[in-house]
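One structure is given below, encoded as structure tokens.
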Amino acid sequence: MKGYIGDEKATASTLSSDGWLKTGDLCYINEDGFLFVVDRLKELIKYKAYQVAPAELEQILQSHPEIADAAVVPYPDEEAGQIPMAFVVRQPGSTLNSAAVMNFVAKQVSPYKKIRKVEFVDAIPKSAAGKILRRELIARVVSKLKSNL
Numbered sequence: 002m003k004g005y006i007g008d009e010k011a012t013a014s015t016l017s018s019d020g021w022l023k024t025g026d027l028c029y030i031n032e033d034g035f036l037f038v039v040d041r042l043k044e045l046i047k048y049k050a051y052q053v054a055p056a057e058l059e060q061i062l063q064s065h066p067e068i069a070d071a072a073v074v075p076y077p078d079e080e081a082g083q084i085p086m087a088f089v090v091r092q093p094g095s096t097l098n099s100a101a102v103m104n105f106v107a108k109q110v111s112p113y114k115k116i117r118k119v120e121f122v123d124a125i126p127k128s129a130a131g132k133i134l135r136r137e138l139i140a141r142v143v144s145k146l147k148s149n150l
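Residue numbers 2 to 150, in our numbering, belong to the letters of the sequence shown in order.
In structure tokens form, the structure reads like this:
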């Protein structure tokens, strides 16, 4: 790709100075040379000076036997900028509470990656392709914040 016709700003934000296409994906290459996509850069939660990948936290949450599904989004915070907030779908019959969810994750991650808010929901909104509709969850957070003003 050489760039966008007539849009130098879009070209500059999409191509690196040496011509590489910026896909917006956060990846790493392991010791065997395999490339792994971790998350989308736009979806990273900015907690203080750290970046937290929602997909990593979702994977941990979904490994809990009492959690049927989960999604993690940024929650606005005056001190930290954003904090990780989990939307959790409990397994039928589960009495799992917020503290148990936060403790489960905290035992497995660095302190800056800890879940700091939990909301239990009946379902995680997803696209027809099965991708989490984070914008809907973020809109829900914003709506609740506005109603508390």
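Glycine is no exception: its CB is placed at the ideal position from the N, C-alpha and C atoms. Being a predicted model, the structure only gives us computed values, none of them experimental.
Query                                                                                                  : Result
Residue nearest to Ile-68 in terms of C-alpha spacing, selected from Pro-55, Asn-98, Thr-12 and Val-74 : Asn-98
Reference Pro-126, options Gln-92, Phe-88, Ala-13 and Leu-58, closest by Cα                            : Phe-88
Cβ neighbour criterion (16 or more within 10 Å) applied to Val-74                                      : buried
Coarse secondary structure for Arg-135, derived from DSSP in three states                              : helix
Where the alpha helix (DSSP H) containing Glu-9 begins and where it ends                               : 9 to 15
Straight-line Cα distance separating Leu-134 from Glu-59                                               : 14 Å
Buried or exposed (CB count within 10 angstroms, at least 16 for buried), Lys-114                      : buried
Segment limits, alpha helix (DSSP H) that includes Pro-55                                              : 55 to 63
Beta carbon of Gln-83 nearer than 8 Å to that of Tyr-29                                                : no
Residue environment, Leu-22, which counts as buried when at least 16 other CB atoms sit within 10 Å    : exposed
Pair within 8 Å by beta-carbon distance, Ala-71 and Val-90                                             : yes
Endpoints, the beta strand (DSSP E) within which Met-2 is located                                      : Met-2 -> no beta strand (DSSP E), and no H or E assigned at all.
Burial state of Ala-54, where buried means 16 or more other Cβ atoms lie within 10 Å                   : buried
Span separating the alpha-carbon of Gln-1 from that of Pro-66                                          : Look at the range of the chain in this structure, 2 to 150, and you will see that residue 1 is not part of it.
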